[in-house]
Ligand code: SF4
Ligand code: SF4
Ligand code: SF4
Ligand code: SF4
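Protein chains in written order, with this note's numbering: chain A, 1 to 166; chain B, 1001 to 1562.
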């Protein structure tokens, strides 16, 4: 309701307008036009949606040369608005000095915001293209390192996308 | 008195002070790394540069004495520029280690980078690399790359700990902190350098990588390692103590605490040996039972002895509240005269700085609240003899492992009844008929009196089964605030333990007494009303720094005149 616009009341409509016929015709025209355009719907689950690299699927940990990149700094855990991430650090003889002896994401808490990916100083946690998450209990929804680790190969598209948009 | 002007405000200050001290006294912070109130001035970090009128160049506030009429500017453009330059130099070779650095979150260099630095780096050459995992001693690790050469650790070791083993070698950006050949940093106070170090160059081997600082809650408490009673912060995550750090109290421990207190005192709290619940002996073995059953059993068993056959051993490890209620229940409710406690003094174990030979935190308080034999009662030697000879048949022991002493260990089997308050499965507890699992120093409210008569507060940092961090006013970390039962990170183990004084009160009331106190604070109120050394004290005016008997009196006097 703009301050300049005249308020139209039902009693002000013409008979032609009151019949709704022009509106119905407009709608039908749109429907018929769409019928002959290419379709975007997918016959899920027979057909699978393949997201673009910019898609924010479930967060995963990047594994490079057999080890996780993560240094267990806990910044993702701190920034996560949903408190989904728990990291426990420990010492490793590798050059990076620390690594996550435990890394858990509670996928019931995660809201796919991507803040963890954004804050990570090591590009060790990234949003993947996986969107199918099914669990039958709260416990099952907590993903440990076994489910989180993905190789750089598997995450190639996303890592490339991040590089381009740095 | 000297009249000086700092940032346009005029102050009257002691002419002996340096500019940084005078400013600090008047609430003006001059940023600094190497200066520390308890160490000699070295003036090498250059962070405290200030502008002083009539001086041609900026001067360092830590080594410039104030003078009458001096005009100091700490926030002028010249000063800000100089600080930015100092920060830039410090950061040139500093590694980008914050993500893996234990200091992050409590790092002076990090904080100052936000406050006083330009926020970006112009340096794109290679940084100088230096040794990273160097063990300086049993408890301290060094990362030389992070060191900003403030020399605080060197000065502490030389001047306070009196173990001059640290030094710099090399020059310029290649300076390396190191120990002299064939020496290591292993004095009894070595870990104080960890807090002294303004960066993460020195870290604790014990706490290394255990937790980020922002994940823990911190509670003001005191150390129970000896009768000094050093003020501490108790750092807790998931209801578990991860570290203790010293808390400043000029009247007790200044900025320091000893390594032993820091590393050992909290082990019992987290121990695997902690009791799960009260226990009573059934058919020769101790079994876990509920509180009601344990208390009922204690009451009925105690009734079956003559007053003179019962003795009570209080504990200098327990709080004033525990000991006060204990001696009161023993003498007034149970009616025995045989009440005393065991001293734990290790001759020659004390030193000049903090460590005391008396290894209990509360021996003076134990005496002050009335733990002593009543007229004609037995003292500790008498009680031991009584047990050996069979005239003492029932013994009630507070939080002390008396069976550590072989004479007690040999005598205890003679008893018909042994009731013990213990937090871990101690030697004494293994002899007992009834074990009442008690809260440790980190799980309860209470006070302790140190060797010099300073009454100081303990505050609960770890929750027991009957406590709730939020409802009972505990310090809370972010995790504590938001955990739900589905969060693994929110789950923690809570021990079924209770403060000794409260269990004693329940037993006394079941024996027909009418003790009314329901909180430790109320017990302390009663102590303060009845006993002169505690006159005028309460939990509020003890505050975070405690009070001496005399000081508390003068505090209350001041209040009257004010
Ligand atoms: S995507 Fe967002 S909600 Fe999910 S784990 Fe990362 S920061 Fe937390
Ligand atoms: S922010 Fe990155 S490096 Fe730090 S804990 Fe999270 S995943 Fe690991
Ligand atoms: S010392 Fe401070 S600034 Fe340096 S890496 Fe550690 S936290 Fe970061
Ligand atoms: S190790 Fe720390 S305290 Fe010692 S000189 Fe270096 S920065 Fe200073």
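By construction, the Cβ of each residue, glycine as well, lies at the ideal position given by its N, Cα and C atoms. Remember, it's a predicted structure, so these values are computed and weren't measured experimentally.
Item, Value
"Beta carbon proximity, residue 1374 of chain B to chain A, threshold 8 Å", "no"
"Cβ neighbour criterion (16 or more within 10 Å) applied to residue 1235 of chain B", "buried"
"Chain A within 8 Å of residue 1206 of chain B, Cβ atoms only", "no"
"Outcome for residue 1558 of chain B when other beta-carbon atoms lying within 10 angstroms are tallied against a minimum of 16", "Any reading at residue 1558 of chain B needs caution, since the residue's pLDDT is 36, under 50, leaving its predicted position unreliable; the model's value is listed next. Classification for residue 1558 of chain B: exposed."
"Beta carbon proximity, residue 1553 of chain B to chain A, threshold 8 Å", "At residue 1553 of chain B the pLDDT is 43, less than 50, meaning the model places this residue with poor confidence and gives no usable figure here."
"Spatial distance of residue 1464 of chain B from residue 53 of chain A (CA atoms)", "49 Å"
"DSSP three-state assignment for residue 9 of chain A, whether helix, strand or coil", "coil"
"Sequence ranges, alpha helix (DSSP H) only - wholly within the region 1363-1432 of chain B, length at least 4", "1363-1368, 1380-1389, 1406-1411 and 1427-1431"
"Buried/exposed call for residue 1373 of chain B, threshold 16 Cβ in 10 Å", "buried"
"8 Å Cβ cutoff, residue 78 of chain A in contact with chain B", "yes"
"Buried/exposed call for residue 1015 of chain B, threshold 16 Cβ in 10 Å", "exposed"
"Any chain A beta carbon closer than 8 Å to residue 1488 of chain B", "yes"
"Which listed residue (B/1195, B/1226, B/1223 and B/1292) has its alpha carbon closest to that of residue 1213 of chain B", "B/1195"
"Cβ-heavy atom distance, residue 1152 of chain B to ligand 4, below 7 Å", "yes"
"Integer Cβ distance of residue 1151 of chain B from residue 1042 of chain B, believed to fall under 8 Å", "5 Å"
"Sufficient close CB pairs (3 or more, under 8 Å) joining the region 1516-1529 of chain B to the region 1338-1349 of chain B", "no"
"Cβ-heavy atom distance, residue 1052 of chain B to ligand 1, below 7 Å", "no"
"Cβ of residue 136 of chain A within 8 Å of any chain B Cβ", "no"
"Proximal chain A residues relative to residue 1100 of chain B, where beta-carbon distance stays under 9 Å", "71, 72, 73, 89, 96, 97 and 98"
"Contacting positions in the region 111-140 of chain A - beta carbon closer than 8 Å to chain B", "121, 122 and 138"
"Under the three-state DSSP convention, the category residue 1184 of chain B falls into", "coil"
"Continuous alpha helix (DSSP H) stretch holding residue 1292 of chain B: start and end", "1291-1303"
"Cα-Cα separation, residue 1562 of chain B to residue 1506 of chain B", "In this prediction, residue 1562 of chain B has a pLDDT of 31, which is less than 50 and means its spatial position is unreliable; nothing more can be read from the coordinates."
"Residues that residue 1145 of chain B contacts on chain A, provided the C-beta gap is smaller than 7 Å", "Under the 7 Å cutoff, chain A gives no residues; its nearest Cβ is about 11 Å from residue 1145 of chain B."
"The region 1247-1255 of chain B in contact with the region 1287-1304 of chain B per 3-pair CB rule at 8 Å", "no"
"According to DSSP, residues forming a beta bridge with residue 149 of chain A", "A/61"
"For residue 1479 of chain B, the nearest candidate out of A/83, A/32, A/42 and A/46 (CA to CA)", "A/83"
"First through last residue of the alpha helix (DSSP H) which encompasses residue 77 of chain A", "75-79"
"beta-carbon residue 1098 of chain B near ligand 3 non-hydrogen atom, thresh 7 Å", "yes"
"CB contact check: residue 1214 of chain B to chain A, cutoff 8 Å", "yes"
"Cβ of residue 148 of chain A within 8 Å of any chain B Cβ", "no"
"Local Cβ density within 10 Å of residue 1221 of chain B, reported as buried at 16 or more and exposed below that", "buried"
"8 Å Cβ cutoff, residue 83 of chain A in contact with chain B", "yes"
"Beta carbon proximity, residue 67 of chain A to chain B, threshold 8 Å", "no"
"Stretch pair the region 1401-1408 of chain B + the region 1352-1369 of chain B: three plus CB contacts closer than 8 Å", "no"
"Expected contact under 8 Å - CB spacing of residue 1011 of chain B and residue 1020 of chain B to nearest Å", "With a Cβ gap of about 13 Å, residue 1011 of chain B and residue 1020 of chain B do not count as contacting."
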